Each structure stands twice: as C-alpha cells, then as structure tokens.
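The structure under discussion appears below in the form of structure tokens.
In our numbering, the protein residues as written are 807 to 876.
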C-alpha cells in the first residue's frame with residue numbers, strides 16, 4: 807500500500823471521528839444513524855493511522871505531498 811493521504815487529511819478525519827464519538831456519547835445521535843456514523847468513524851481512524859484510503863486509490867486521488875528528487 808502506497809501512502810495517499812497527507813497530514814491535514816489525516817487530522818481532519820481523526821477530528822471528524824472524535825466529533826461523531828462525542829455526539830454519540832452525549833446522545834445527540836442515536837439509532838441506526840449513530841451506528842452508521844460510528845462505523846464510518848472507525849474507518850476514518852484506521853485509514854488515518856495507515857495513511858492509505860482505498861477510495862482515493864480507486865479514483866486516482868492523493869493528498870500526500872510528492873517528494874521531488876533532486
């Protein structure tokens with residue numbers, strides 16, 4: 807797996823996951839919506855830790871800075 811996520815993208819995903827967790831904890835969201843958002847949050851956290859997003863690779867996207875060789 808080649809890294810395709812930049813630092814900002816990783817931080818944003820992690821913050822979104824924390825917000826969803828807080829919304830669930832304080833019972834702002836509930837039911838099926840809560841479980842779907844929690845599942846997405848888990849995926850966001852996992853992809854931010856490994857710096858790889860499968861959807862980015864499918865669509866040919868990358869937010870990772872490309873190192874230029876001198």
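Think of the CB as a built atom: it goes at the ideal place given N, C-alpha and C, for glycine as much as any other residue. Just so you know, these numbers come straight off a predicted model, no measurement behind them.
Pop quiz: residue 807 and residue 850 are said to be a contact at Cβ under 8 Å. What is the actual Cβ separation, rounded to whole angstroms?
With 8 Å as the limit, residue 807 and residue 850 do not qualify as a contact, their Cβ atoms being about 17 Å apart.
Exposed or buried, which one is residue 823 when buried takes at least 16 other CB atoms within 10 Å?
The C-beta of residue 823 has 16 or more other C-beta atoms within 10 Å across all chains shown, which makes the residue buried.
Own chain partners of residue 844 with C-beta closer than 7 Å, once the 5 adjacent residues on each side are dropped
Within the same chain, Cβ atoms closer than 7 Å to the Cβ of residue 844 are found at 826 and 830, the five residues on either side in sequence being excluded.
DSSP-derived helix/strand/coil call for residue 814:
In the three-state reduction of the DSSP assignment, residue 814 falls in the helix class, which pools H, G and I.
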